[in-house]
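Residues 1 to 162 (the UniProt record's numbering) are what the sequence shown spells out, left to right. Backbone N, C-alpha and C fix where the C-beta goes; we use that ideal spot for every residue, glycine too. This report refers to the structure that appears directly beneath it.
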Amino acid sequence: MKKGPAVIFREIADKSTFLALMMRHWGSHRMMIGSKLYDCAELPLIGMFTAEGELLAVASWARDGDIAVLCALHSLKEGEGAASRMLEAVKAAAKAAGARKLRAMLTNDNMPALVFYQKHGFRFSGLYIEAIDAYRAMVPTIIKTGYQDIPVHDALELEIEL
Numbered sequence: 001m002k003k004g005p006a007v008i009f010r011e012i013a014d015k016s017t018f019l020a021l022m023m024r025h026w027g028s029h030r031m032m033i034g035s036k037l038y039d040c041a042e043l044p045l046i047g048m049f050t051a052e053g054e055l056l057a058v059a060s061w062a063r064d065g066d067i068a069v070l071c072a073l074h075s076l077k078e079g080e081g082a083a084s085r086m087l088e089a090v091k092a093a094a095k096a097a098g099a100r101k102l103r104a105m106l107t108n109d110n111m112p113a114l115v116f117y118q119k120h121g122f123r124f125s126g127l128y129i130e131a132i133d134a135y136r137a138m139v140p141t142i143i144k145t146g147y148q149d150i151p152v153h154d155a156l157e158l159e160i161e162l
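Quick look at the structure:
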């Protein structure tokens with residue numbers, strides 16, 4: 001993981017830009033993880049900023065018992081280690097809040113995220129065939145094709161011990 005320059009982590013009150021980004025990339029700011037629907041509009045949003053105030057990455061997560069659920073992680077500066085640093089901050093916050101695991105849910109097309117999470121120690125914990133097709137009944141705006149025009153149908157769940 002790249003360390004990079006000093007950064008500041010803080011909660012972001014105005015989520016409008018983040019929610020628009022989620023709509024553009026995923027078709028929704030509501031995320032189905034397991035059998036629960038999480039609305040990122042209702043969850044705290046953490047930002048990672050440079051000392052000058054430039055936003056580098058954002059993350060939204062929630063607790064579900066002793067599991068922390070990563071609802072969104074997005075880097076605005078790809079290839080500079082921002083997502084890795086943001087993930088480490090979420091892991092630390094989740095552990096401090098009493099979570100023993102961090103869970104992420106990906107769609108079958110999201111190869112970059114699959115590589116990213118595995119490089120950071122996440123392991124497969126579930127495969128949900130046609131889950132995204134079923135989720136569209138509740139969130140009809142979910143994208144139908146994703147990364148490199150791969151049809152989006154299934155959900156992959158990954159976890160890491162904290």
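Under 8 Å, do P5 and T50 count as touching if we go by C-beta distance? yes
Which residues in the same chain have their Cβ closer than 6 Å to the Cβ of A72, if we skip the five residues on either side of it in sequence? These residues qualify, in order along the chain: C40, S60.
>> Taking a contact to mean a Cβ-Cβ separation below 8 Å, would you say N110 touches Y135 in this structure?
In response: no
Q: Taking the CB atoms as reference points, tell me whether E157 and G126 lie closer together than 8 Å.
A: yes
Report task. Work out the CA separation of D14 and V115 for me, nearest whole Å. Result -> 30 Å
Using a Cβ-based criterion (distance less than 7 Å to any ligand heavy atom), does D66 qualify as near the ligand ATP? Absent from the structure shown: the ligand ATP. Ligands present: none.
Quiz item: Can the beta-carbon of A155 be found closer than 8 Å to that of M105?
Solution: Yes; because the gap between Cβ atoms is below 8 Å, this pair is in contact.
*State the Cα-Cα distance for the pair E88 and K95, rounded to the nearest angstrom.*
11 Å
Length-filtered (3 minimum) beta strand (DSSP E) runs lying within the stretch 83-152:
Uninterrupted beta strand (DSSP E) stretches at least 3 residues long and entirely within the stretch 83-152 occur at 101-107, 123-128, given in chain order.
Cβ atoms of L56 and L76: under 8 Å apart, would you say? yes
Item checked: Among E80, D149, H153, P140, the one whose alpha carbon lies nearest that of M23 -> P140
Compute the Euclidean distance between the alpha carbons of I143 and I129, then round it to the nearest angstrom.
If you take the alpha carbons of I143 and I129, they lie about 16 Å apart.
>> Give me, in chain order, the residues of the same chain whose beta-carbon lies closer than 7 Å to that of H29; leave out the 5 immediate sequence neighbours on both sides.
In response: L19, M22, M23, D39, C40, A41
For A72, which of helix, strand or coil comes out of DSSP?
strand
- Sorted by chain position, which residues of the same chain lie with C-beta nearer than 8 Å to V152's C-beta, five sequence neighbours on each side aside? T107, N108, D109, I132, I142, I143, K144, T145, G146
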